[in-house]
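Chains as they are written, first to last, in our numbering: chain A, 41 to 393; chain B, 9 to 128.
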């Protein structure tokens, strides 16, 4: 009898220890660092990398991001303001091969989005007061918006010659590039390139909530939570397959309230005002730059036009959360998404045309 | 085997989900907070020791409070006070930042975070 009690005790202890052992095995050796760069919090998660190597990579990536941030800053006095000035005055400028490729990529994505992702919206974004570290107090007047829209250049009048790296503005109107809806994707892609060059093939680069993940956390895939657009906590989650970017555009990121109404920073180039039909758009795509531009374009496209724009941009995985927390989702993403809210949301699955 | 032995076995089996929940459940309390000033090494402080810290940033001093296992910005020279509005942090992996002042809080814990990264 005594022996059987000891056996039961040992059995319980073994069961408990085996659970603990599982938990230790599940905690992968992930190097994590958080850095302030690119005007936001950047989190690096690197699998099976030593602290010394991780610190060195964090430092390299921070330096690269800070240089890129300076190069493309939309309102601080720097190279982008000089480019805008040249294009507005003489209609022409010469770029480095790298810069020319980046502008050309933004114009290609803009064209695919039907102009909803618009990389030369700087004047309008400034008019709304979002070219500042401080949030604006009130919206601009309708007359001021209309006057700014009238001076917006047609994107097909801006071109990049990939042989000479020259950029031309034939619109006859001033050009104000602001790569805000795209630059974060580019810099995340470049960070992933840096990691791969150093032999790191299992990693996440998360810049201010948008991320690209490659490889896995050892034996299991990377697990990504998607934050609730209207509440604390996680709304939905998914696991990453090999190499994917997850980008979300939401009306909760930068906004001000005026007379009881919320005005956020994603401006519709058609109306000149913040797009206003959904709470957030999440896009899953291979590269970060495309995912970034697509999340912006689909947010502006809204509940009526998002399927057409997603198709045109080659995006298959989209989740929209509308203002009533209803989910509109493509079948490709629906089969991978787990919902973390209770009760689960109302879900409509929409295949792309 | 007596009836009492059987009860012990039943209790042991019944308790397994509880252990499982404790180890795998959704809440992962933090143990420390890293205070990160842009470009500097993080300073780590225990969440178990209540204290108020003045951290020097680009604009001036941000005030960080550590109280009852949680950390928060309670004072800041920044214009919007978004850092203060983001409230108290206590779960492993939670972060809050004052971007204008270049200061960030990041809660660190022993447990497993449920997600490797959060998209928003």
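No residue lacks a Cβ here, since even glycine has one placed at the ideal position from N, Cα and C.
Owing to the predicted nature of the structure, the values given are computational and were not obtained by experimental measurement.
Query, Result
"Short CB-CB distance (under 7 Å) between residue 54 of chain B and chain A", "no"
"Euclidean distance between Cα positions of residue 112 of chain A and residue 381 of chain A", "38 Å"
"CB contact flag (residue 174 of chain A, residue 50 of chain B, <7 Å)", "no"
"CB contact check: residue 128 of chain B to chain A, cutoff 7 Å", "yes"
"Cutoff 7 Å: residue 147 of chain A Cβ touching any chain B Cβ", "no"
"Of the listed residues A/231, A/74, A/275, A/170, nearest to residue 127 of chain B (C-alpha basis)", "A/275"
"Test: residue 70 of chain B CB closer than 7 Å to a CB of chain A", "no"
"Residue 234 of chain A at chain B interface by Cβ criterion, 7 Å", "no"
"Distance between residue 134 of chain A and residue 122 of chain B (C-alpha atoms, nearest Å)", "49 Å"
"Inter-residue spacing [alpha-carbon to alpha-carbon] between residue 73 of chain A and residue 68 of chain B", "24 Å"
"Alpha-carbon spacing of residue 78 of chain A relative to residue 361 of chain A, whole angstroms", "27 Å"
"As assigned by DSSP and simplified to three states, the class of residue 69 of chain B", "strand"
"With 16 other Cβ atoms within 10 Å as the buried cut-off, status of residue 209 of chain A", "buried"
"Proximal residues of chain A, C-beta to C-beta of residue 124 of chain B below 8 Å", "70, 85, 244, 253, 257, 262, 263, 264"
"Range of the contiguous beta strand (DSSP E) that encloses residue 147 of chain A", "It is not in any beta strand (DSSP E) - residue 147 of chain A instead sits in the alpha helix (DSSP H) that spans 137-152."
"Cutoff 7 Å: residue 73 of chain B Cβ touching any chain A Cβ", "no"
"Cutoff 7 Å: residue 267 of chain A Cβ touching any chain B Cβ", "yes"
"Test item: CB-CB of residue 290 of chain A and residue 317 of chain A under 7 Å", "no"
"Short-range partners of chain A found in the segment 97-117 of chain B, where Cβ spacing is below 7 Å", "103, 105, 107, 108, 110, 112, 114"
"Residue 87 of chain B at chain A interface by Cβ criterion, 7 Å", "yes"
"Contacts around residue 256 of chain A, its chain only, beta-carbon distance under 7 Å, and the 5 residues preceding and following it disregarded", "242, 262"
"Residue-chain proximity (residue 80 of chain B, chain A), Cβ-Cβ < 7 Å", "no"
"Start and end residues, alpha helix (DSSP H) containing residue 359 of chain A", "Not the alpha helix (DSSP H): residue 359 of chain A falls in the beta strand (DSSP E), residues 357-362."
"Status (buried if at least 16 other CB within 10 Å, exposed otherwise) for residue 215 of chain A", "buried"
"Secondary structure, beta strand (DSSP E): runs of 3+ residues fully inside the segment 72-141 of chain A", "80-87, 132-134"
"Under 9 Å (Cβ pairs) to chain B, residues found in the segment 164-178 of chain A", "173, 174, 175"
"Top-ranked residue by Cα proximity to residue 310 of chain A, from A/335, A/192, A/95", "A/192"
"Residue 84 of chain B to residue 94 of chain B span [Cα, whole Å]", "12 Å"
"Chain B contact residues for residue 76 of chain A, given Cβ-Cβ distances below 9 Å", "44, 45, 46, 47, 105, 107, 110, 111, 112"
"Cutoff 7 Å: residue 336 of chain A Cβ touching any chain B Cβ", "no"
"Three-state class that DSSP yields for residue 345 of chain A in the structure shown", "helix"
"Unbroken alpha helix (DSSP H) run spanning residue 90 of chain B, endpoints", "90-93"
"Interface partners of residue 307 of chain A on chain B, CB under 9 Å", "Neighbours of residue 307 of chain A on chain B: none; closest Cβ ~20 Å, over 9 Å."
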